[in-house]
Structures are given as C-alpha cells and as structure tokens.
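Q: Chains as they are written, first to last, in our numbering: chain A, 26 to 235; chain Y, 26 to 235.
Where a beta carbon is used, it is the ideal one built from N, C-alpha and C, also for glycine.
Since the model is a prediction, treat every value here as computed from it, not as a measurement.
2 protein chains.
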Amino acid sequence: MTETTAAPSQRADMVRNRRLLLDAATAAFAECGVDVSMGEIAQRAGLAKGTVFRHFASKEDLLAAIMLQLLDRLTGTADRLVDADDAAAALHEFMTVGVEVLAADRAFCEVIGRPSLQLSQVRSAIERLGETAETLTARAREQGAIRGDVTGMDIVLLLGGIHQTAVPLLAAQPQAWRRYLELTFDGLRATNAPRLPHPPGRRLPAADSD
Amino acid sequence: MTETTAAPSQRADMVRNRRLLLDAATAAFAECGVDVSMGEIAQRAGLAKGTVFRHFASKEDLLAAIMLQLLDRLTGTADRLVDADDAAAALHEFMTVGVEVLAADRAFCEVIGRPSLQLSQVRSAIERLGETAETLTARAREQGAIRGDVTGMDIVLLLGGIHQTAVPLLAAQPQAWRRYLELTFDGLRATNAPRLPHPPGRRLPAADSD
DNA sequence: GCGAAAGATGACCGCCCGGTCATGTTGACC
DNA sequence: GGTCAACATGACCGGGCGGTCATCTTTCGC
C-alpha cells in the first residue's frame, strides 16, 4: 500500500527510476528466480547497482516488495470473485488464475515453496490470501459444490502443489498444470469421501534457523 | 549400477572414504538442499575438499549420484508392490513412501522441481520410475479403483506436487502432506469425472538454456 | 620392510555475489 | 541561472563458492 507514488516531494527522475527498477526486478525475478543478482536487475533497469540499493536497502527488501505486489494482485482477484453466483466456478477461476501466476513467476514459486519463510510480510500476506480464499471456499461449501473439510488455506497451498506437479513438464508442455488442476478439483468435489486426515493449517510457521 | 564396490584393486582407505563421502553427501543434501557447499560435505565426511573432487569430478556428478541412489530406491519400492492383490492399496502405499522420501530430502525436492533438468541421468531415472509406476497404475485402473485417464508419470509427478502443497507448513506440521495425499487420491478415485484436459506427459523435456 | 604408485591434503585461484562510499550529476526552488 | 540538497554512479570490499595442484601420506605387492 502507498506504493505507487510514495512520500511527497520526490524528484521526478527518482520516481521514474523506481518504476524502471520495479519493472525490471519483477521481470528478472519472474524469469530467473530469487537467485538473480542485483547487478543483473540493475542492468535490466538501465541503472547502476548503487542506485538499486538506494531504493531498497537489501535484496531481501526488494524481493519482498515484488512478492507483496504479486500477492496483493491475487488477493484482489479473490476479492472480486466472492460475489459470483456460482461459488464453485468462482473458486475454480481463482485457482486457475493462481496457478497461472505461479507458472509465470519462478521467484514466486521459490518463495512460496520455501520450508521456512524468512519474509514475515510475505508470510502474513499469504495468510491474508488464505482468509480471502476462505470466504470463497465457504460459499462453495454451503452450496454443496465441494467437500466440507477443505479450508481457504488448503486452496492457497494447493496452488503451489498443482503448479509444482507440472513443473518437470513446463518446458515441453507449459499448460500441463491444467490437467492437475482438474484432477485436484475432482478431489475437492468428493463430497462423500472420508474426512481428510491431519488438521488443516491456518497460520504459517515462522522461519526457525537454517 | 555397479556402484557399491566399484572397479577392482582399489585401496582399502579409498573404499572407506567413498562410503564416508556418500553418507555425508546424502545427509547434507537432504538437510540443506543442493546449495550446500562441497566444503561442508567434505567436513561432514571428515575429509579434505580435494579428496571429494578425487571421487567426483564436479559437484553435479556427486549430486547426480546421490539422486540416482534415491530414485533407484523408489523404483525398487514400486517394483516390490506390483504383485500386491489390492492394486489401489499398493498405489497408495507407493505414493505414501514417495512423498515421505521427498519430505525428508530437500535436495531431492529441488532437483525434481527444477523447470529444466540438467542432469540427464536423473531425468531418465525419473522416466524409468514413471514406467514402473505405470504398471502399478494400470492394475489399479483395471480393478476399477481409479479413473481411467491417469498414467504412471502422472503419479510420479503428483508426488512432488503433494509434497510441495504441504511445504509451507513443514516446520509446524511435518505430517501435513498426508492431508493432501488423501485429497489427491480422492481425485484419482473419481472414476466418472470428465476426462482430464491436456494430454499426460511421458518423457521429460531436456534442459534448454536458462 | 621397502619402494613405487595411488590416494589424501589444504593452500591457493578466479569468479561472482551482496553491499558500501567517495565522487560526480541532476533537478527543484528562489 | 545559480545554489544546494538530493540523487546516481561504478570502483571497490570482504567473503564464499567450485575447482586445481604441488606436496605429503598411506597402502599394497613383492
């Protein structure tokens, strides 16, 4: 929030450079993953490395900003879908968009898929996304379209899993995730299956060490 | 193959050191992922770094050896299950073991989950695993226990997806993958669901560039 | 036991990374 | 258009990485 045009009285070129930087970083992280170097990002933006560190104190800060922007977009999508008549179709649409976003962004996958999430802002943004997805899921449950023991956080976590399933095929069949999305959705529809084992997660664990 | 006791006429300490190295590398990759340094592995094995490079010409070679050993274990598990009476139970058992192995090995997850697999031996070992899983899957299909449009490679790929789904919870709930294994299996059981979109993969794409 | 060959060692190399800082440049305001 | 603070720059730093190699140590056939 309060990102697009930050604090007042900023020089025009700084605002412009910030845009260049954010765009370049978004593309670089998406294509190359979190291990892309700050030098590469600077080069893509047409800036010097030092300038990048003037806008973001560390690589982690920059990565967090980009990830938050992505997560906010996803949360917005979910928000826009909560009023749909067919809740199951809305849920399906949300999952489609979610996996599409993941499939197009390597860094996003890597950050989401870390065993322990260092970036606390990202962690809570995911939890917020889980809550928004919960309202979507609850409506689909009430309409009897999906099983009763699936939560919003389940849905969010499943996005990463569905995409991951198709990752080994990504280069040859970029749309393969659709196959596994449908397979998973059929699992969600199993309304009279035995109750799922293991309680669902709500909050994500913080980073411990490593 | 022909790994345990390589070529004849090797010095006794070399054989011993090779064991120490393989054990240390297996543990280090499992705990720390592929980014663990060769120095760290050498230290864990109680060897000098140079010795590690005498046994394996590059880090990639060492990683490939460890991954192949893991994949062979999994293929062995699948092989042992093909004769079970209840094919669906056998398939379920195979998937349980597979996800357990993934959950216990960070490097394995990372290698399997790369968009493009550099290590060609690992790639073909996965394809072999897919073929073995196919015999398991075919029997479950014939028994009418699972839907008709799921292949062995689907099963193998799903292992990575199921584990990935639970990764964000791993630190707090190490068994969370069981929840998503059951959910996925319910999807596999949806015998009268509409046919899955997008054709299944059989072979994995080679690395292109990146 | 002894000699020679195979193996083990760790200092060393070049590379690239995230991050810093003295210096040069630019834009906003009067 | 002059002034100055804010901003941009890229050479530079310390550190860790994969990998090498001259040197020392161990094993094994005799």
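Along chain Y, which residues have their Cβ under 7 Å away from the Cβ of E207(A)?
A: L221, P222
Q: Are at least three pairs of beta-carbons, each pair with one atom in the stretch 162-171 of chain A and one in the stretch 168-178 of chain Y, less than 8 Å apart?
A: no
Q: Put A109(Y) into one of helix, strand or coil per three-state DSSP.
A: coil
Q: Give the secondary structure of A52(A) by DSSP, where H, G and I count as helix, E and B as strand, and everything else as coil.
A: helix
Q: Less than 7 Å separating the Cβ of A52(A) from some heavy atom of the ligand NAD?
A: Inclusion of the ligand NAD in the displayed structure is not the case, the ligand content being empty and no account of it being possible.
Q: Looking at the structure shown, is L142(A) part of a helix, part of a strand, or coil, going by DSSP?
A: L142(A): strand per DSSP, three-state reduction.
Q: According to the Cβ coordinates, are E188(A) and A128(A) closer than 8 Å?
A: Reading off the sequence shown, one finds His at residue 188(A), where the question assumed Glu. It is a contact, given that the beta carbons lie within the stated cut-off.
Q: Inspect the beta-carbon positions of V120(A) and I66(A) and report whether they are closer than 8 Å.
A: According to the sequence displayed, residue 120(A) carries Met and not Val. Cβ atoms of M120(A) and I66(A): not closer than 8 Å.
Q: Flag S62(A) as yes if its beta-carbon sits less than 8 Å from any beta-carbon of chain Y, otherwise no.
A: No, no contact with chain Y.
Q: What's the C-alpha gap between E85(A) and L144(A)?
A: 8 Å
Q: With a threshold of 8 Å on Cβ separation, who are the neighbours of N42(Y) within its own chain once the five nearest residues in sequence on each side are excluded?
A: A70, L72, T76, H80
Q: Measure the beta-carbon distance from A3(A) to R105(A) and round it to whole angstroms, keeping in mind my assumption that it falls under 8 Å.
A: Because chain A here runs from 26 to 235, residue 3(A) falls outside it and cannot be looked at.
Q: If distances are taken between C-alpha atoms only, which option among D48(A), G185(A), Q68(A) comes closest to V122(A)?
A: G185(A)
Q: Between the stretch 148-155 of chain Y and the stretch 207-223 of chain Y, do three or more beta carbon pairs fall short of 8 Å?
A: no
Q: When the Cα of A158(Y) is compared with those of D211(Y), V107(Y), A196(Y), which residue comes out closest?
A: V107(Y)
Q: Can L93(Y) and V126(Y) be called in contact, C-beta distance under 8 Å?
A: no
Q: Going along chain Y, which residues have a C-beta under 8 Å from I137(A)?
A: P193
Q: What number of angstroms, rounded off, separates the C-alpha of T162(A) from the C-alpha of S83(A)?
A: 37 Å
Q: DSSP state of A158(A), grouped into three classes?
A: Three-state DSSP puts A158(A) in a helix.
Q: When the cut-off is 8 Å and only beta carbons count, does D111(A) lie next to chain Y?
A: no
Q: On the three-state DSSP scale, how would you describe A191(A)?
A: helix
Q: Between which two residues does the alpha helix (DSSP H) containing V241(A) stretch?
A: There is simply no residue 241(A) to check, as chain A begins at 26 and stops at 235 in what is shown.
Q: Of the choices G212(Y), H223(Y), A53(Y), V136(Y), whose alpha-carbon is the least far from that of Q68(Y)?
A: The shortest CA-to-CA distance from Q68(Y) to any of G212(Y), H223(Y), A53(Y), V136(Y) is the one to A53(Y).
Q: Using alpha carbons as the reference points, say which of A201(A), G101(A), L183(A), E156(A) lies closest to I236(A).
A: The structure shown has nothing for residue 236(A), since chain A only spans 26 to 235.
Q: Which chain A residues are close to L127(Y), counting only those with a beta carbon under 7 Å from its beta carbon?
A: Near L127(Y) there are no residues of chain A at all, since even the closest Cβ is about 10 Å away, more than 7 Å.
Q: Would you please verify whether the beta carbon of D104(A) is less than 8 Å from any beta carbon of chain Y?
A: So, not an interface residue.
Q: Would you kindly check if the distance between the Cβ of V124(A) and the Cβ of L88(A) is under 8 Å?
A: In this structure, V124(A) does not lie closer than 8 Å to L88(A) by Cβ.
Q: Can you tell me whether D38(Y) is buried or exposed? The criterion is at least 16 other CB atoms within 10 Å of its CB, across all chains shown.
A: exposed
Q: Just to confirm my understanding: we take L229(A), look at its own chain, exclude 5 residues before and 5 after, and list those with CB closer than 7 Å. What are they?
A: L142, R148, I151, E152
Q: Here's a check: name, in chain order, each residue in its chain whose Cβ is nearer than 6 Å to the Cβ of T51(A), leaving out the five neighbours to either side.
A: I91
Q: Under a Cβ-count criterion, where at least 16 other Cβ atoms within 10 Å of its own Cβ denotes burial, should V192(Y) be classed as buried or exposed?
A: buried
Q: Can P140(A) and L195(Y) be called in contact, C-beta distance under 8 Å?
A: yes
Q: When the Cα atoms are used, what is the spatial distance from P199(Y) to A231(A)?
A: 14 Å
Q: Give, in chain order, every residue of the stretch 161-189 of chain A whose Cβ lies closer than 7 Å to some Cβ of chain Y.
A: L182, L183, G185, G186, I187, Q189
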